[in-house]
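Just add 724 to wherever you are in the sequence shown, counting from 1, and you've got this note's numbering.
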Amino acid sequence: MQMTMRWFGASYDSVTLQQIRQVPGLTGVITTLYGTKPGEIWEEKDIQAIKKEVEAAGLVIAGIESVNIHDAIKTGGADRDKYIENYITTLERLGKAGIHLICYNFMPVFDWTRSNLAKVRPDGSTVLSYDQKIIDKIDPNDISTAMNSQSNGFVLPGWEPERVSKLKELFAMYKDTDEEKLFANLTYFLKAIMPVCDKYDINMAIHPDDPAWPVFGLPRIVTTKEKILRFIKAVDNSHNGVTLCTGSLGTNPKNDIPDIIKSLKGRIHFAHVRNLKHNGPGDFEEAAHLSSDGSMDMYAVMKALYDVGFDGVIRPDHGRAIWGEVSMPGYGLYDRALGCAYLNGLWEAIVKSAKAGR
Ligand code: DNO
725 MQMTMRWFGA
735 SYDSVTLQQI
745 RQVPGLTGVI
755 TTLYGTKPGE
765 IWEEKDIQAI
775 KKEVEAAGLV
785 IAGIESVNIH
795 DAIKTGGADR
805 DKYIENYITT
815 LERLGKAGIH
825 LICYNFMPVF
835 DWTRSNLAKV
845 RPDGSTVLSY
855 DQKIIDKIDP
865 NDISTAMNSQ
875 SNGFVLPGWE
885 PERVSKLKEL
895 FAMYKDTDEE
905 KLFANLTYFL
915 KAIMPVCDKY
925 DINMAIHPDD
935 PAWPVFGLPR
945 IVTTKEKILR
955 FIKAVDNSHN
965 GVTLCTGSLG
975 TNPKNDIPDI
985 IKSLKGRIHF
995 AHVRNLKHNG
1005 PGDFEEAAHL
1015 SSDGSMDMYA
1025 VMKALYDVGF
1035 DGVIRPDHGR
1045 AIWGEVSMPG
1055 YGLYDRALGC
1065 AYLNGLWEAI
1075 VKSAKAGR
């Protein structure tokens, strides 16, 4: 298991590589060229520059989150093959640069969605939260304003202004895309990119939909064990894998995360491990990573990862805003560092107990 932390790049992140380097047990970052748009071919010089910057800080790039997918690919539009070719070129360049893990999502129009980016908890910390009753009252065209007004001035991943300025156009593009079509478009894309993934040993790790149900009437296909296994089997290549994101899959309390982990043995290439607290149907808030702070058994999650022989890249996920830190919501240093320490502690205990036969 390789412990990492997400880093958005020096121009976008409040956290520095030097700070990340001091988190115990952490060796790499998960990053991206945050300024690139879906569909763009990544420039070799930009890939080399960020690699050099990360390595100069004594870390490695353990993976990219995300190389985003152009909507023409998700909707199966007339120019999808052109955008798939662009994606392949980017993968080729990343592979040549020694990067072997790519996280991406296949959510229509919106990436992750929350109704509040700073819900105050009893201890005074703030967290991201979601309440379907609030979302139901928001016009989809206003959700980006609501999200971005709470971003502390940072560009939120998946909510980049140039993207959300075209919401009406985007909704129109997805007019005829139902679950079946989205599934077919995902498998078409995966089949097309597998040869380059085979050539450069690139693990593709799809991120689950967050929350794990349709939002604003748009289809979602990465929400349950059955749906995930369907496209894993449809493109049966070990490079076609998943990001096991407990916080996204866990939004639906019916998702049994340890069971999902067991069903995906060998296909979990990346793990986002964090806790959340359920307040009622369709109503949850994020929590500290610790089991007792939320609704999930984090020991059971880590143990299941251990039991399936997971040895991939892991990172803590959204943290609470604590100790007065101002950052991109969910992505401050302090609570994610606590998350790293906790996950490393669980892992050490699990490994040592297993070795001692306990
Ligand atoms: C939000 C993240 C997502 C995730 C993408 C992966 O904090 O979990 O933006 O990175 O869905 O492509």
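Each residue gets a CB set at the ideal place from its N, CA and C atoms; glycine is no exception.
Keep in mind it's a predicted model, so treat the numbers as computed, not measured.
* To do: Please determine, among Asp1017, Asp1007, Asp960, the residue with the shortest C-alpha to C-alpha distance to Gly990.
  => Nearest C-alpha to Gly990: Asp960.
* Asked: In chain order, which beta strand (DSSP E) runs of at least 3 residues are fully inside the stretch 858-921?
  -> With a minimum length of 3 residues, no continuous beta strand (DSSP E) run stays inside the stretch 858-921.
* Asked: Is it the case that the CB of His931 approaches a heavy atom of the ligand DNO more closely than 6 Å?
  -> yes
* To do: Have a look at Leu1062 and Glu1072 and give me their C-alpha separation to the nearest angstrom.
  => 15 Å
* Asked: Should Tyr1023 go down as buried or exposed, given a rule of 16 or more other Cβ atoms within 10 Å for buried?
  -> When all chains shown are included, Tyr1023 counts as exposed.
* Proximity to Ile754 [Cα-Cα], best of Arg1039, Gly1043, Arg1044, Ala1080 -> Arg1039
* **Whole-angstrom distance between Ser1077 and His794, CA atom to CA atom** => 45 Å
* Asked: Taking only runs of the alpha helix (DSSP H) that begin and end inside the stretch 992-1033, which ones reach a length of at least 4 residues, in chain order?
  -> 1022-1031
* Asked: Which whole-angstrom value describes the C-beta separation of Lys949 and Ile984, a residue pair presumed to lie in contact below a C-beta threshold of 8 Å?
  -> 5 Å
* **Residue span of the beta strand (DSSP E) that contains Gly787, given as start and end** => 784-789
* To do: From the DSSP output, read off the bridge partner residues of His931.
  => Asn829
* Between the beta-carbon of Leu690 and the beta-carbon of Ile945, is there less than 7 Å? -> Here the chain has residues from 725 to 1082 only, and residue 690 is not among them.
* Cα-Cα separation between Asp1021 and Asp803, rounded to whole angstroms -> 45 Å
* To do: Compute the distance between the beta-carbons of Asp1017 and Gly1043, then report whether it is under 7 Å.
  => no
* For Tyr854, the residue or residues it bridges with in DSSP -> Phe1008
* Asked: Secondary structure at Leu968, three-state DSSP: helix, strand or coil?
  -> strand
* To do: Could you tell me the distance, in whole angstroms, from the CA atom of Ile1046 to the CA atom of Glu1009?
  => 15 Å
* Close-in-space but distant-in-sequence residues of the same chain around Asp925 (CB under 8 Å, 5 per side omitted) -> Gly819, His824, His963
* N-terminal and C-terminal residue of the beta strand (DSSP E) that Asn961 is part of -> Note, Asn961: premise wrong, no beta strand (DSSP E); not H, not E.
* Asked: Short check: CB of Cys969 to CB of His1013, under 7 Å?
  -> no
* Sub-7 Å separation of Ala936 and Cys827 beta-carbons -> no
* **Best match in Gly787, Gly749, Ala773 for proximity to Tyr1066 [C-alpha to C-alpha]** => Gly749
* To do: Check each candidate in Arg1082, Ser1051, Arg845, Asn792 and name the one with the smallest Cα separation from Ala734.
  => Ser1051
* Asked: Comparing alpha-carbon positions, which option in Val1037, Ser1015, Asn1003 lies nearest His993?
  -> Val1037
* Asked: Ala1011 and Asn999 look like a contact to me (Cβ under 8 Å); what is the Cβ gap, rounded to whole Å?
  -> 5 Å
* Cβ atoms of Met871 and Asp675: under 7 Å apart, would you say? -> Not covered by the structure: residue 675. The range shown for the chain is 725 to 1082.
* Asked: So, Ala781 versus Gln743, is the Cβ gap smaller than 7 Å?
  -> Their beta carbons are not under 7 Å apart, which means Ala781 does not touch Gln743 by this criterion.
* To do: Using beta-carbon positions only, say whether Thr799 and Thr901 come within less than 7 Å of one another.
  => yes
* **Unbroken beta strand (DSSP E) run spanning Ala842, endpoints** => Element bounds for Ala842: 840-844.
* Using DSSP bridges, identify the partner residues of Thr755. => Ile788
* Can you pull the DSSP bridge partners for Thr728? -> Gly752
* beta-carbon Asn1068 near the ligand DNO non-hydrogen atom, thresh 6 Å -> no
* Kindly list the residues whose CB is nearer than 8 Å to the CB of Asp980, restricted to its own chain and excluding five residues on each side of it in sequence; keep chain order. => Lys949
* For Ile788, which residues of its own chain have a beta-carbon under 8 Å away from its beta-carbon, when the five flanking residues on both sides are left out? -> Ile754, Thr755, Thr756, Leu818, Ile823, Leu825, Ile826, Cys827
* Cβ of Ser790 versus every heavy atom of the ligand DNO: is any distance shorter than 6 Å? -> Within the cutoff, so yes.
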